[in-house]
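Novice:
4 protein chains.
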Amino acid sequence: MAAANNKVKIAILGASGYTGAELVRLLAGHPAAEICALTADRQAGQPLGAVFPHLAHLRLPDLVRIEEADLGASDIVFCGLPHGTTQKVIRGLFEARPEQKVIDLSADFRLRDLDSFAEWYGHEHWAPVLQGEAVYGLTEMYREALAKARLVANPGCYTTTVELALLPLVGAGVIATEDIIIDAKSGVSGAGRAEKQANLHSEVSEGVHAYGVGRHRHVAEIEQELSHAAGHRVTVGFTPHLMPMNRGILATCYVRMANGAGVEDLRSCLTGRYDDEPFVHVAAAGLSPSTRQVRGSNHCVIGVFGDRLPGRAIVLAVTDNLVKGASGQAIQNMNVMLGLAETTGLEQQALFP
Amino acid sequence: MAAANNKVKIAILGASGYTGAELVRLLAGHPAAEICALTADRQAGQPLGAVFPHLAHLRLPDLVRIEEADLGASDIVFCGLPHGTTQKVIRGLFEARPEQKVIDLSADFRLRDLDSFAEWYGHEHWAPVLQGEAVYGLTEMYREALAKARLVANPGCYTTTVELALLPLVGAGVIATEDIIIDAKSGVSGAGRAEKQANLHSEVSEGVHAYGVGRHRHVAEIEQELSHAAGHRVTVGFTPHLMPMNRGILATCYVRMANGAGVEDLRSCLTGRYDDEPFVHVAAAGLSPSTRQVRGSNHCVIGVFGDRLPGRAIVLAVTDNLVKGASGQAIQNMNVMLGLAETTGLEQQALFP
Amino acid sequence: MAAANNKVKIAILGASGYTGAELVRLLAGHPAAEICALTADRQAGQPLGAVFPHLAHLRLPDLVRIEEADLGASDIVFCGLPHGTTQKVIRGLFEARPEQKVIDLSADFRLRDLDSFAEWYGHEHWAPVLQGEAVYGLTEMYREALAKARLVANPGCYTTTVELALLPLVGAGVIATEDIIIDAKSGVSGAGRAEKQANLHSEVSEGVHAYGVGRHRHVAEIEQELSHAAGHRVTVGFTPHLMPMNRGILATCYVRMANGAGVEDLRSCLTGRYDDEPFVHVAAAGLSPSTRQVRGSNHCVIGVFGDRLPGRAIVLAVTDNLVKGASGQAIQNMNVMLGLAETTGLEQQALFP
Amino acid sequence: MAAANNKVKIAILGASGYTGAELVRLLAGHPAAEICALTADRQAGQPLGAVFPHLAHLRLPDLVRIEEADLGASDIVFCGLPHGTTQKVIRGLFEARPEQKVIDLSADFRLRDLDSFAEWYGHEHWAPVLQGEAVYGLTEMYREALAKARLVANPGCYTTTVELALLPLVGAGVIATEDIIIDAKSGVSGAGRAEKQANLHSEVSEGVHAYGVGRHRHVAEIEQELSHAAGHRVTVGFTPHLMPMNRGILATCYVRMANGAGVEDLRSCLTGRYDDEPFVHVAAAGLSPSTRQVRGSNHCVIGVFGDRLPGRAIVLAVTDNLVKGASGQAIQNMNVMLGLAETTGLEQQALFP
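Taken in order, these protein sequences are the chains called A, B, C and D.
Sequential numbering of the first sequence, starting at 41, is according to this note's numbering.
Sequential numbering of the second sequence, starting at 41, is according to this note's numbering.
Sequential numbering of the third sequence, starting at 41, is according to this note's numbering.
Sequential numbering of the fourth sequence, starting at 41, is according to this note's numbering.
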């Protein structure tokens, strides 16, 4: 990644987590980007390769503390900091340099409703004005606003997957909004690199369980977008399950069809909506999407099946939680913000097996 | 397993599959049982240890072809043969020795309705009279009939798990029967030891997908029992998913509460029903059952949660598909048939991690 | 596990780790044992089932802090505390009750040579007199001393596996002692339940690496026992590798044959030595032992192969690191100390798949 | 992958295996390549996406039978056919079109010595003249010959890994050649996609074992190259182990140092040799390479450690068996044959976690 004057200068705050590493992995192949700063408080002073050996052969700046980073030289700041810290850091960034462009991978700016934020996160928002300004970064839905955005709230992994599957269906009125039931399955990398007993190999492999049943924070984000598409308040059931694997999300959405729509109407609604999208694909009838199809890639694959229960359908969607569910979509948003082709640097195929 | 005159003589037909190995594993610790015959057509002539090295140190009869086995000396025949073959072999067993006791682990005798059988399996039943006689082997529900049975149709793994979770609730009328949605997750050992590309490690690990969406055969068995409990025909949604793990089933059941019942009513319905059961447990409020809790054991653990969707609840149940979902329940049924304590030989704890 | 006056009273110190849970799993099926105290400092006040849900249905005393436990009522104390703490706690146990019987699962009392201990652990031993008294708990080799022991130093998992494979060969002089090279592979449960980044699922699954190359502490224990068998100081190469799995150890030992011995001499040396042992088996020629054969069981399986390099052989041995490599052997030692049949409570078969 | 007149036309024979899919994955990002034909006998008539859903969104020719493929239009033929078939097919290719360039991923043309081939493969070679012409495709060692080659024998995965680690050391005389002991660990994808019981998830996960002990065919290839580097016949010990993972090879090589060399001499020998290589890296002292570092990438990482045994060292090397161990190196060779920059299309970073 040799420096070049005409390249976009990138800073990554919180580069020692999995989403940070994934940004570096993808940006290393991005022809127009150059990483200029990497921060990580606890590992400051080390090369990134000491924290992520798979990136050791890249020429990159060493990790520094956030206050030591020269962020003023950055065209784009990716922010992968923990909840809470994020709001203050980003507020500071804009105070120092109002024209800064920031893509935030945390949940801090995703909820437009400040009351909803306070309810789910337990405190008032610390940067409410910026909250109002932030553009929700589900690229396929907010492209125009993203092109002009200064602050992007990159969606969560569960929410990206669910929303790509359901937003067009809700918007078209082909499914009922009263009893949407989402059974979601996620690999463990979504929980990050923090040292938690629950994420040890011995605790995760060879088994499966649901967690956060009835109270996972991502539901607020899902409901916000579905409500927006429906034009009225939508509540959903959402039950995440931890899979004995590292990467991938499968959302199995149980829906009731509405307004006389049948399974083929749902499929053609989605096909029509995503026909020109480079990263979202509708599987042929009878094909059940697998997370293996998208491992390491920025793609989302959606399948539609009729349910045995009359009038009901099953919509399945898969993404890689660290790519389309996080860092890949962040780069997709960066491309939009910079006027680059949206697929730039994101054309890697999935890795299988 | 030294021979002893007063022990129950056991024959296992189809001993080279995982359920066969699991029967041997469990019976090796059963104080009242002695394995006298093991059949496997393709591996006939070999010791079982050549097929399953983990059982190599046991003293067992060699594998023989089914026609070479002296089944007349057996008190109990466990039948783990493929669909179709099973009906003819069991019919032959009873023709040769009408007082034989047979526990069938295949699906061949599980559906009481012959039309339903023909619909799901594509041909008329070849032993319809025996079909009428067979007792469905969900031990907790059919103990009295099992005690007098000559032929037991051991339930499938998915069905055992779902039925233990839902039968009491349907029977008590605390959930509606119109829109029961079951999202089931299974380890790959449920697919057996056959050489299928879909079950290779490279195809199964690090990923998840649904299969048989809307048309898995086990749904007929689930609906049969739920209908019986409800007193009317019940149709359910049932979507199985293949997990990147070997053992375990998790059934996440999305139900609508009925007749004014709340979540605590569901829990107390289940707690009351299973209070005296040695193998079925209701988790305390807030605890989400994991398949890791039951790996290798004959236990089933059930959890109940309120859904975010008003009026709905989520019932989660876990079993080990090869134990309570197959061979363990078969031995539990054998114990009932022989008048032994039901837990005999089944008191192993789960293996974690 | 109802109390019974004639049962052996057991206390487990440090019951919240995997070896603690494994002791409980196995003792739950031990007909002569009754667990009377379970300690865990951080989880004191909780039932064990809150820490290990797979054991939740057992009737057990709640976890208490070590100073709250009434250890005076215990016939046997299993000690699963961290290095260092152990020495002081055990010294205290004997001061309070000299006739106490203690089985220590830590490394603190395994090295007979105090200088060697100081070299590997970085400080003088804090209980040197007890160190001198402790009997090394490799059951197959020290049965007579164990029968009379007050303090047993239960061997490590790597060392148990390697020593069962090599001690008879070294003792018989059929292998050279100058260039024994041990390539060892271990599941991650050997690293315990502590919250370490290196043991996260995302860091362990789908990959393999060596660790502690040239400097793993277990080598001191291996060399101690091999030197004892050889009658002179033996140094070995020992390189442990972390496997993407939970349980199991495979030691691949590359040895040079000596004194005219050939591969069959090695095999018959081992076969002769272990012919009457219930838990150690020599695989037939050509069979390569797998950790899957011993998962969850107290067995060790050893295979012997000729190497392509003239005059060399390969000796492979497998155990379950938590059973024969830790808690199972600890119970085997308890049985010896109490004059019980050595296999009591240890007759579970391996769990496969 | 839109057609373009100035692109290199590629045919892949045997595209339905994992190495075929991996060629497609990598070539999809190769700016100078265009896939013109894909063959697979059993799946002929299907799109590749039906066989490999992760590649379904690419525009590719459908699978055809080999005799239906228009290979005359191809600049490069990659041959991923089974042993035996390969020799006849490639002979036929050159008969039809002598100027064809062929990169063979099978083992059929790797052994220069025809007697050695006959000994290991059980029959005389069927294309001995081509055998004599084939250039061994370990790119780092045979670049000049590869640049002029018509037929390349792409090395095996184990051999690539071992040879990159040991060839410079043997060539420099810093290690003895009499007792090189290689303990190799491989993911299961190296065994291909064939339907074998031994490769089922239930048989592979959660366990480890050695296989082909003392008689794996890759040893002939390893010895051929080490002998060539040494200038005399070298025999090695080589013991492969199957890991419960899909991708990756770790070779742990136990060597005796020679001619007064120490560990740092070994490291500097390797560092010097690979300093300018884009895909081979020597880890800093104390760092143990992990297969996770190279998953999905064409890199090889080598580590060197002093052994506890005086005068001995441990050399560890990792690759991804499907990339540098197969399809990645094949493309690297193609780049050399075509005069392209060697890293073209191979600059993907490893995927972690």
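Positions of the beta carbon are idealized from the N, C-alpha and C atoms, including for glycine.
1) Among C:Arg152, C:Leu133, C:Pro329, which residue has its Cα nearest to the Cα of Ser114 of chain C?
2) Would you call the region 330-348 of chain A and the region 240-260 of chain B in contact, with 3 or more CB pairs under 8 Å?
3) Have a look at Val228 of chain D and Thr201 of chain D and give me their C-alpha separation to the nearest angstrom.
4) Taking only three categories from DSSP, how would you classify His258 of chain C?
5) Spell out the partners DSSP gives Arg296 of chain D in its beta bridges.
6) Look at the alpha carbon of Arg65 of chain B and the alpha carbon of Ala381 of chain C, and state the distance between them as a whole number of angstroms.
7) Interface residues of chain B around Thr201 of chain A at Cβ under 7 Å?
8) In the DSSP assignment, what residue or residues form a beta bridge with Gly343 of chain B?
9) Tell me, please, which residues DSSP counts as bridged to Thr176 of chain A.
10) Would you check if the region 124-132 of chain C and the region 66-83 of chain C touch, i.e. whether three or more CB-CB distances between them fall below 8 Å?
11) What residues from chain D crowd round Asn239 of chain B, counting only those whose CB sits closer than 8 Å?
12) With a floor of 4 residues, list each alpha helix (DSSP H) that falls wholly inside the region 86-122 of chain A, ordered by position along the chain.
13) Nearest-angstrom Cα distance between Ala390 of chain A and Arg335 of chain A?
14) For Val117 of chain D, which option in D:Glu108, D:Leu386, D:Arg352, D:Met374 has the closest C-alpha, if you only look at C-alpha atoms?
15) Where does Ala212 of chain A land, buried or exposed, given buried means 16+ other C-beta within 10 angstroms?
16) Could you check whether the Cβ of Tyr251 of chain A sits closer than 8 Å to any Cβ belonging to chain C?
17) List the whole-angstrom C-beta distance separating Leu111 of chain A from Ala61 of chain A, where the pair is believed to meet the contact cut-off of C-beta under 8 Å.
18) Could you name the residues that DSSP lists as bridge partners for Lys225 of chain A?
19) Compare the Cα-Cα distances from Leu356 of chain C to each of C:Arg137, C:Glu173, C:Tyr198, C:Gly172 and report the closest residue.
20) Looking at the C-beta of Asn286 of chain D, does it have a partner C-beta in chain B at a distance below 8 Å?
21) Whole angstroms are fine: how far does the CA of Ala193 of chain B sit from the CA of His163 of chain B?
22) Measure the C-alpha to C-alpha separation of Phe149 of chain C and Gly271 of chain C and round it to an integer number of angstroms.
23) From the beta carbon of Ser229 of chain A, is the nearest beta carbon of chain C less than 8 Å away?
24) Is the shortest distance between the beta-carbon of Glu246 of chain B and the beta-carbons of chain C less than 8 Å?
25) Would you report the Cα separation of Ser242 of chain A and His123 of chain C, rounded to the nearest angstrom?
26) Judging by CA-CA distance, which residue of C:Pro208, C:Ala189, C:Arg287, C:Val259 is the nearest neighbour of Ser226 of chain C?
27) With DSSP collapsed to three states, give me the class of Lys47 of chain A.
28) So Thr79 of chain D is in the alpha helix (DSSP H); what residue range does that whole segment cover?
29) By the three-class DSSP mapping on this structure, what secondary structure does Met41 of chain C have?
30) Less than 8 Å between CB atoms is the rule here; does Thr331 of chain D satisfy it with respect to chain C?
31) Using a Cβ cut-off of 8 Å (strictly closer), state whether Arg233 of chain D contacts chain B.
32) Identify the contact partners of Tyr58 of chain C in chain A, using a Cβ-Cβ distance below 9 Å as the criterion.
33) Quick check on Lys188 of chain D: buried or exposed, where buried means 16 or more other Cβ atoms within 10 Å of its Cβ?
34) Under 7 Å between beta-carbons, which chain B residues line up against Lys236 of chain D? List them in chain order, please.
35) Under the assumption that Gly326 of chain C contacts His258 of chain C (Cβ atoms under 8 Å), give the Cβ distance between them as a whole number of angstroms.
36) Specify whether the region 218-225 of chain D and the region 290-297 of chain D touch according to this definition: at least 3 beta carbon pairs, one from each stretch, less than 8 Å apart.
Specialist: So, to answer that:
1) In the third sequence, the residue the question calls residue 114 of chain C occupies position 74. For Ser114 of chain C, the nearest C-alpha among the options comes from C:Leu133.
2) yes
3) For this step, residue 228 of chain D is matched to residue 188 along the fourth sequence. For this step, residue 201 of chain D is matched to residue 161 along the fourth sequence. Cα to Cα, the separation comes out at about 16 Å.
4) Here residue 258 of chain C is taken as the residue at index 218 of the third sequence, counted from 1. Helix at His258 of chain C.
5) By one-based count along the fourth sequence, residue 296 of chain D stands at place 256. Arg296 of chain D pairs with D:Arg352.
6) Along the second sequence, one-based indexing puts residue 65 of chain B at 25. Along the third sequence, one-based indexing puts residue 381 of chain C at 341. Rounded to the nearest angstrom, the two C-alpha atoms are 21 Å apart.
7) Working through the first sequence from its first residue, we reach residue 201 of chain A at position 161. The premise fails here: Thr201 of chain A is roughly 12 Å from chain B at the closest Cβ pair, so nothing lies under 7 Å.
8) Here residue 343 of chain B refers to the residue found at position 303 of the second sequence. According to DSSP, Gly343 of chain B bridges with B:Leu356.
9) In the first sequence, counting from the first residue as 1, residue 176 of chain A sits at position 136. Position check: residue 176 of chain A holds Tyr in this sequence, whereas Thr was assumed. Answer is A:Ala193.
10) no
11) Within the second sequence, numbered from 1, the residue matching residue 239 of chain B stands at position 199. Per Cβ cutoff of 8 Å: Leu240, His241, Ser242.
12) 88-91
13) Here residue 390 of chain A is taken as the residue at index 350 of the first sequence, counted from 1. Here residue 335 of chain A is taken as the residue at index 295 of the first sequence, counted from 1. Ala390 of chain A and Arg335 of chain A have their C-alpha atoms roughly 5 Å apart.
14) Here residue 117 of chain D corresponds to residue number 77 of the fourth sequence, with the count starting at 1. Val117 of chain D has its Cα closest to that of D:Met374, out of D:Glu108, D:Leu386, D:Arg352, D:Met374.
15) The sequence position of residue 212 of chain A within the first sequence is 172, counting from 1. Its Cβ being crowded by 16 or more others within 10 Å, Ala212 of chain A is buried.
16) Position 211 of the first sequence, counted from the first residue, corresponds to residue 251 of chain A. So no, Tyr251 of chain A is outside the interface.
17) Numbered from 1 along the first sequence, position 71 holds the residue referred to as residue 111 of chain A. Numbered from 1 along the first sequence, position 21 holds the residue referred to as residue 61 of chain A. Incorrect: roughly 20 Å between the Cβ atoms, too far for contact.
18) Start at 1 with the first residue of the first sequence, and residue 225 of chain A comes out as number 185. Looking at the DSSP assignment, Lys225 of chain A forms a beta bridge with A:His281, A:Leu290.
19) By one-based count along the third sequence, residue 356 of chain C stands at place 316. With distances taken between Cα atoms, Leu356 of chain C lies closest to C:Tyr198.
20) Against the fourth sequence, residue 286 of chain D aligns to sequence position 246. For Asn286 of chain D, the answer is yes, since a Cβ of chain B falls inside 8 Å of its Cβ.
21) On the second sequence, position 123 is the one that residue 163 of chain B refers to. On the second sequence, position 153 is the one that residue 193 of chain B refers to. Using only the alpha carbons, I get a separation of about 19 Å.
22) What you label residue 149 of chain C is simply residue 109 of the third sequence in a count that begins at 1. What you label residue 271 of chain C is simply residue 231 of the third sequence in a count that begins at 1. Each residue's Cα considered, the two are about 22 Å apart.
23) Residue mapping note: residue 229 of chain A aligns to position 189 of the first sequence, counting from 1. Yes, Ser229 of chain A counts as interfacial toward chain C.
24) If you number the second sequence from 1, residue 246 of chain B lands on position 206. It does: the Cβ of Glu246 of chain B has a partner Cβ on chain C nearer than 8 Å.
25) Here residue 242 of chain A corresponds to residue number 202 of the first sequence, with the count starting at 1. Here residue 123 of chain C corresponds to residue number 83 of the third sequence, with the count starting at 1. Answer to the nearest angstrom: the Cα atoms are 22 Å apart.
26) Counted from its first residue, the third sequence places residue 226 of chain C at position 186. With distances taken between Cα atoms, Ser226 of chain C lies closest to C:Arg287.
27) Translated into positions along the first sequence, residue 47 of chain A becomes position 7. If DSSP states are grouped into helix, strand and coil, Lys47 of chain A belongs with coil.
28) Position 39 of the fourth sequence holds residue 79 of chain D. Here Thr79 of chain D belongs to no alpha helix (DSSP H); instead the beta strand (DSSP E) covers 73-79.
29) The residue given as residue 41 of chain C occupies position 1 in the third sequence. The pLDDT assigned to Met41 of chain C is 39, lower than 50, so where the model puts this residue is not dependable; a value taken from the coordinates is nonetheless given after this. Three-state result, Met41 of chain C: coil.
30) Taking the fourth sequence and counting its residues from 1, the one referred to as residue 331 of chain D is at position 291. Chain C contact via Cβ: present.
31) Stepping through the fourth sequence from its first residue, residue 233 of chain D is reached at position 193. It does; some Cβ of chain B falls within 8 Å.
32) For the purposes of this step, residue 58 of chain C is taken as the residue at position 18 of the third sequence. Ordered by position in chain A, the residues that pass the 9 Å Cβ test against Tyr58 of chain C are Ser242.
33) Counting from one through the fourth sequence, the residue named residue 188 of chain D turns up at place 148. Per the 10 Å Cβ criterion, exposed.
34) Position 196 of the fourth sequence holds residue 236 of chain D. Within chain B, the residues near Lys236 of chain D are Glu235.
35) As a working mapping, residue 326 of chain C is identified with position 286 in the third sequence. As a working mapping, residue 258 of chain C is identified with position 218 in the third sequence. Not a contact, Cβ separation roughly 30 Å.
36) yes
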